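Enquirer: In the working numbering, the protein residues as written are 118 to 198. In this text, a Cβ means the ideal position worked out from N, Cα and C, and glycines have one as well. Just so it is clear, the structure is predicted and the values come from calculations on it, not from any experiment.
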């Protein structure tokens, strides 16, 4: 089953946004469910500052979704569930 929150069919305006790269300051496009992105300008990979795991506290599939996160976020796994 695909998480409805990750299905683009249900996304609202603002689900795709730009964030400044912390290394070079250029804009990097993020989808709301991207855990991290690589800056196309300088190559720096950084975490999505707007990533929200509020659903992890009640979703029966949270363990599967969170298992696919980058190591930086997996370190916070206990706090998210």
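Do residue 176 and residue 161 have their beta-carbon atoms positioned less than 8 Å apart in this structure?
Expert: In the chain shown, counting from the first residue as 1, residue 161 sits at position 44. In the chain shown, counting from the first residue as 1, residue 176 sits at position 59. It is not a contact, given that the beta carbons lie outside the stated cut-off.
Enquirer: Measuring straight from C-alpha to C-alpha, what distance separates residue 144 and residue 136?
Expert: Reading the chain shown from its first residue, position 27 is the one you call residue 144. Reading the chain shown from its first residue, position 19 is the one you call residue 136. In a straight line, the C-alpha of residue 144 is about 5 Å away from that of residue 136.
Enquirer: Per DSSP, what kind of secondary structure is residue 198 in: helix, strand or coil?
Expert: Position 81 of the chain shown, counted from the start, is the residue given in the question as residue 198. Residue placement at residue 198 is flagged as unreliable, the pLDDT there being 46, under the threshold of 50; a coordinate-derived value is accordingly withheld.
Enquirer: Measuring CA to CA, which of 132, 130, 167, 131 is closest to residue 152?
Expert: Numbered from 1 along the chain shown, position 35 holds the residue referred to as residue 152. Residue 167 is the option with its Cα nearest to residue 152.
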